[in-house]
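Quick notes on the structure that follows.
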Amino acid sequence: MKADRQLDCYGLLCPMPIVKTAMELKNMKIGEVLEVFSTDMGIKSDMSSWCKSTGNELLGIEEAEGEYKVYVRKKVAYD
Amino acid sequence: MAEKEKATIVVFSGDLDKVYAAFIIATTAASMHKDVSMYFTFWGLNVLRKKKFLFGAPRFKQKIFSLMNRGGAENLPLSKFHFLGIGTLFMKLLMKQYKVYRISEMIKIAKDMNVKMIACTTTIGVMGLSKEDFIPEVDELAGASTYLSRAFDGKVNLFI
């Protein structure tokens, strides 16, 4: 999947992958896609809940041997 | 834009583990674009205090008390297995290995995400503290009605 930006959260545990995703999206344009690389096993559930709560779009999660690539499209602007 | 939903957290405890829980929930709620405020009271005040003894406190009892109750976000003990500091040291080393941010870093992240940090004036009075004893990240010194007025509107109100 093509992404406009990438965010490396290797080895980081909850809540940092989500917090860093939020901070990164803040600096992106609506419609752009962020690829988050994470090893936190909670990320699948957390990112889909976070997207549901914030209104951003979870495009997909690729999983391989405990490593996750999560794709999020920015849909909402916030301060 | 519509007004943000509110979340409030009372941080009563000054234990490392419980303070972690408070900051993890606060920063995550802020990442969900909520209006988050944290109220630090009693032992929780130690999180926001600078690391120092209170020899400047107005009363003798307060000075003595401060010898046993030092402030500082990096001085917090575990609620269990502190073992004169050895248990807490082990936990901190483990957390470092797993790249968990320190409490002092969590305070800065929370601040960057506009989490409000409020210190309780009653405890400040009893312990003989003043505004100068606190780190600059503290937004406000206030009391229970400041907390309640936000908690009544809050969808998530926690006491940790």
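Residue numbers (the numbering used here), protein chains in the order written: chain R, 1 to 79; chain Z, 1001 to 1160. Positions of the beta carbon are idealized from the N, C-alpha and C atoms, including for glycine.
R:Asp8, DSSP secondary structure in three states: strand
Members of the region 34–54 of chain R that neighbour chain Z once the beta carbon cut-off is set at 7 Å: Trp50, Ser53, Thr54
Validate contact between the region 1025–1042 of chain Z and the region 1084–1096 of chain Z using beta carbons, cut 8 Å, 3 pairs: no
Sub-8 Å separation of Z:Ile1124 and Z:Ser1037 beta-carbons: no
Endpoints, alpha helix (DSSP H) assigned at Z:Asn1046: 1045–1048
Endpoints, the beta strand (DSSP E) within which R:Val72 is located: 67–73
Given 8 Å, three or more beta-carbon pairs between the region 1135–1153 of chain Z and the region 65–74 of chain R: no
Closest Cα partner of R:Gly42 within the set R:Val76, R:Ser53, R:Pro15: R:Pro15
Where Z:Ile1109 meets chain R, residues with beta-carbon distance less than 7 Å: Val19
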